[in-house]
Each structure stands twice: as structure tokens, then as C-alpha cells.
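Residue numbers (this note's numbering): 1192 to 1651. Worksheet: the structure to be examined is printed underneath.
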């Protein structure tokens, strides 16, 4: 994992946030290449699950939603972790993780006082300082609060002191706009609403680089169905998520389905299956698929006093849809791809190279155009080729250093193909293309170059 973190900073994928002020806990800035990778992932996801499906539409909802949203969804009452502080070193810790890490005991469902008793009666030590002096366990809500300048009366549903919350998930914005989508779009069951956006969770113990951040991004779908169809729709979305993993190039041997036992399901879920990935720090959740029943729409009907139903043409009546929810974490996708792609190879000549083996569909740089030398008209010809290929996306032009070093640099950032312009190019209107993974080279006519690259590297 240290190699991945170091690589990301060295090669412009991700930097520790606020570094000039000594850093800020679990905040990261995506650098130029990380930003391109992130955008390519989101664009491919949107094309795959929204634009290419007739049963899908998309929205872009606000981060700040009406505070009653979170009462209706259960987040104000249920979105809590058990918190404990070490009195000696002031470390703030997840109490359940503390106990489960040192005792063979599950804390799921235990009251705060019971977990406090376990800590006091057993040899539980602070993982930071080794002392055994803790505060009592208490509930800690994971939503970030913020103050709004404009206050409202209690009758409006807004707290009198103007408290609002940064959304801890993107899903609720979709449920709040369900009625508008039904009223304005020609949708009928089954149909889905997709959204990509930021969410915020005040995690007690964030960590593992960008795996668990305070501010993160989700690609999320709420797929509205009739109750009788939930099993078949669940299976269909599970297959679609598995196909997505394949399309972005994740190693299938590192992916595993995890079925949540009934006693550990979220309050809204009847069935949840996670797609887990073998990260360097262990197997952890990458994506989630949940059958939320009609919990969300029924709760918002109750709290908003609005009818959130859709006309069923066969039954001739309005029904409250049930929901299948596929959730994709953007940051975790990036981390899994970087872990999967990072490769150190020994070559036949005894040298070594680092290769980031990313799918060409999501690679931050699609093609690198390299003049062999910075003279003799080669840069000018290379610029012509550069312009010819710009429709593929982010194309990089590089004329600094030896050609071998430039190849190595492009290998390391994951560029799938390099195009080299040499002296012969001025005579025969051909260039050399070099494949990142096998380093094989091929001579191609400039007039056929775009077609060749498109077919070999960028066709889905």
C-alpha cells in the first residue's frame, strides 16, 4: 500500500490534502492524472448505465437537502457509530472495532453500556498508546452538520437554529425527485434514476488512503420496480455490476460476492450483496447492491404528506414502487484499479520498469506522441499527428529526454500506446506505435493511424 500511495504522489494521481499546512485528516486532492482517471471512470459509468439504457434517466441533486429528509430516511436516528476516547492520548476510536479487534466478540446490536462494560472488564488497550483508560461508549452520528443563515420556524420542518446536514449518501436526492421524474418524463416501471455526486461522512476512523474518506463520491442508481419482480431484477443488476468490473479491467480473482446475513442488514434492506475486492490491507467492500423494498418512498410519503406513486397500466391503479439500489464508490474504484494495475517488471536486459496496466477506456492519457528528436522537423510533424488524435481524449505530447525514458514514463502513468515520429516519417508518412503492455512496435501509415488505434485500443 505504501508503494501505491508514494506512486500516486510522485506521478500526479493524488496528493495529501492541505500539505503546506501539515495536512488535514483523510483529505486528498486528485492530481492531473488522477483527475483524468476519475473523469474517465465517471463518464464510462454514465454512458454504460444511463445513456445506453432506455430504462434509465439521470439527475444531479443538491448536497444540502431539507433536514426532514434525514429524519424520514432514518439517518438522524440510526446512522450512528459507537465512539470511545482514550483519556491518555485523546485518540478517538470506534468502540466496536476496538473490542472486536482484541476480543472474539461481535458488538453488533450491543447497547453502549454493554460495550463499555466489555472494555472495562477485559484487557482492552488503546492501539495508539497502550493505556487502558477510556471514556464511556456513546453514540456518534456520522452526518456533518452545518449552519444555514436563514432560519425557519419549527412548523416548516427546518430546525429553528438553521441546522442542515451534508448528505451522507446520494440516494435521498433521487427519492426526493421521484415525483418530478414521474410527472415530467415518460417513465414506466421498471425504470431507474442515476446520479453521480459527493457525499460526506464524519467517520471516526477513516483511513487506508482514499478507501475511506470524509468526502467521497458515489455513482448510484435507484431502480424502481414492482415488488413481485425484485428477485429477477436483483439478479440482473448483480450481473450488470459484475460486467462493469470486467469492462474496467479489474482482476476477477480479486473480486468476491459477500451476502450480508439477515441480522446485519441495514434497517431499509431485505437483501444486500457486496462486491468485495482484495486490497493490500485486506478484503473490503468495493460496491454494494441492496433491495430497499418500498422503505424510502413510503417514509417520504409519510413525512412529506405527498403521494409518491406511479400509475400501473395493467392494474389500473397507482402503486408504490420497490427499489433495487446498485452503488458504486468512485474513490474505491480508483484505488482498486491502481492496486490492480501497478506492476513492477524485470526485463530481459536486467532492467526494471513500473507499468500501470489500466484499461485504455479509462487510462488518464490515451496516447502519447513522441518526436524522436527535437530537431530536423520532427516536432512539427509530431504536432500534426498530435492534432490528428485529439478526438480520443487526453493526448500527451512529450519531446524531453531520451526516447527510452519517455517510454518508461508513459508506461508508469498507464498510457496504453505511444506514437513515435522519426526521420522516416518525413519520407514515408508512417509512424511507429508501441504497445504499453508487451512493448511491441508496429509501423503504421499516418492516414490509417486513427482507425488503427480506435479499433485496437478504444472500441468497447
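C-beta atoms are modelled at their ideal positions from N, C-alpha and C, and glycine is treated no differently.
Residue burial is scored here from C-beta neighbours: residue 1472 has fewer than 16 other C-beta atoms within 10 angstroms and is therefore classed as exposed.
Put simply, of 1361, 1449, 1598 and 1627 the residue whose alpha carbon is nearest the alpha carbon of residue 1516 is 1361. The three-state reading of DSSP puts residue 1205 in strand, counting E and B together. In the structure shown, residue 1629 adopts coil according to DSSP, grouped into three states. Put simply, the backbone Cα of residue 1562 is about 44 Å away from that of residue 1466. In the DSSP annotation of this structure, the continuous segment of the beta strand (DSSP E) that includes residue 1562 starts and ends at 1558-1562.
Per DSSP, the unbroken beta strand (DSSP E) holding residue 1517 starts and ends at 1513-1520. By the neighbour-count criterion, in which 16 or more other beta carbons inside 10 Å mark a residue as buried, residue 1211 falls on the exposed side. Taken in chain order, the complete alpha helix (DSSP H) segments of 4 residues or longer contained in the region 1403-1453 are 1421-1438. Taking the CA atoms as reference points, residue 1296 sits about 27 Å from residue 1265. Annotation: the continuous beta strand (DSSP E) that includes residue 1465 extends over 1462-1470. Here residue 1326 really is in contact with residue 1275; their C-beta atoms are around 6 Å apart, less than 8 Å. The straight-line gap separating the alpha-carbon atoms of residue 1518 and residue 1431 is approximately 12 Å.
Three or more beta-carbon pairs drawn from the region 1631-1640 and the region 1616-1623 are found closer than 8 Å, and the two stretches are therefore classed as touching.
Spatial neighbours of residue 1202 in its own chain (CB-CB distance under 7 Å, excluding positions within 5 residues in sequence) are listed in chain order as 1224, 1603 and 1604. If you look at residue 1231, you'll find it in the alpha helix (DSSP H) that goes 1223-1237. For residue 1375, the number of other beta carbons within 10 angstroms of its own is below 16, and it is reported as exposed. The C-beta distance from residue 1558 to residue 1579 rounds to 10 Å, too long to fall under 8 Å, and the pair is not in contact. In this structure, the straight-line span from the alpha carbon of residue 1285 to that of residue 1217 is close to 16 Å. Between residue 1546 and residue 1627, the C-beta gap is smaller than 8 Å, which places the two residues in contact.
Nearest Cα to residue 1391 within the set 1419, 1520 and 1495: 1520. For residue 1215, the number of other beta carbons within 10 angstroms of its own is below 16, and it is reported as exposed. Under the rule that a run must span 3 or more residues, the beta strand (DSSP E) segments found entirely inside the region 1251-1303 read 1271-1276 and 1283-1285. The secondary-structure analysis by DSSP pairs residue 1482 across a beta bridge with 1462 and 1515. Check the Cα spacing between residue 1258 and each of 1565, 1588 and 1337: the tightest is with 1337. Contact between residue 1529 and residue 1195 holds: CB atoms are separated by about 6 Å, below the 8 Å threshold.
Partner residues in the beta bridge of residue 1332, as assigned by DSSP, are 1271.
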